[in-house]
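Presented below is the structure to which this report refers.
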Amino acid sequence: MTERCAICGCQLHRTKDTYARPTVEGRSHATSHHYVAERFFGRSTNRRGTKTEGMFPACPWGHEGESVVFCYECQEELVHNPVLLPEDVARFAELVKQRGLSEEMKSESREPIAGRVALFHEVIARGLASLSNKSGESNG
Ligand SMILES: [Zn+2]
């Protein structure tokens, strides 16, 4: 069975010592991505044995622990580096303020960042919905 990237569809491989190399091979190496980061639940696979304060007691979307396979490019370059231009940051900050998720001073509460994470997901989901339509026509 051929393993393919869930985003771009490229054929993946798991050849040892090729990950992240600036070659076609390095760019098409398989890599696993958690739909919802493990660190959001107070666990980190990067620092085993350490437990950080999680922001969600349980996954709000019901996908805790689930993962998908991407190519190196889609994982490390696309998903990890969303482009946020100055106007995007300003608009998002306004939404954060409207939803009561801004902070004058950090407190012990992780609820504001949890709310911002959920809001950012909502922005992505709504953007996808507005760009997707079955006929392929623009909604204007
Ligand atoms: Zn890909």
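Numbering (numbering that gives the first Met the number 0), first residue to last: 0 to 139. For glycine and all other residues, C-beta sits at the position ideal for the given N, C-alpha and C.
Continuous alpha helix (DSSP H) assignments of at least 4 residues falling wholly in the stretch 20-78: The stretch 20-78 contains these whole alpha helix (DSSP H) runs: 23-26.
For glycine 139, count the other beta carbons within 10 Å of its own beta carbon; 16 or more makes it buried, fewer makes it exposed. Which is it? In this predicted model, glycine 139 has a pLDDT of only 48, less than 50, meaning its place in the structure is not dependable; the value taken from the coordinates is given anyway. Looking at its Cβ environment, which holds fewer than 16 other Cβ atoms inside 10 Å, glycine 139 is exposed.
Proline 85 versus cysteine 73 - alpha carbon distance: 23 Å
Which residues share a DSSP beta bridge with histidine 120? Histidine 120 is not bridged to any residue.
List the whole-angstrom C-beta distance separating valine 68 from alanine 5, where the pair is believed to meet the contact cut-off of C-beta under 8 Å. 6 Å
Given 6 Å as the limit, tell me if isoleucine 123 has its C-beta closer than that to any heavy atom belonging to ligand 1. Because no heavy atom of ligand 1 lies under 6 Å away, the Cβ of isoleucine 123 does not count as near it: no.
Since arginine 3 sits in a beta bridge, which residues does DSSP pair it with? Gln10
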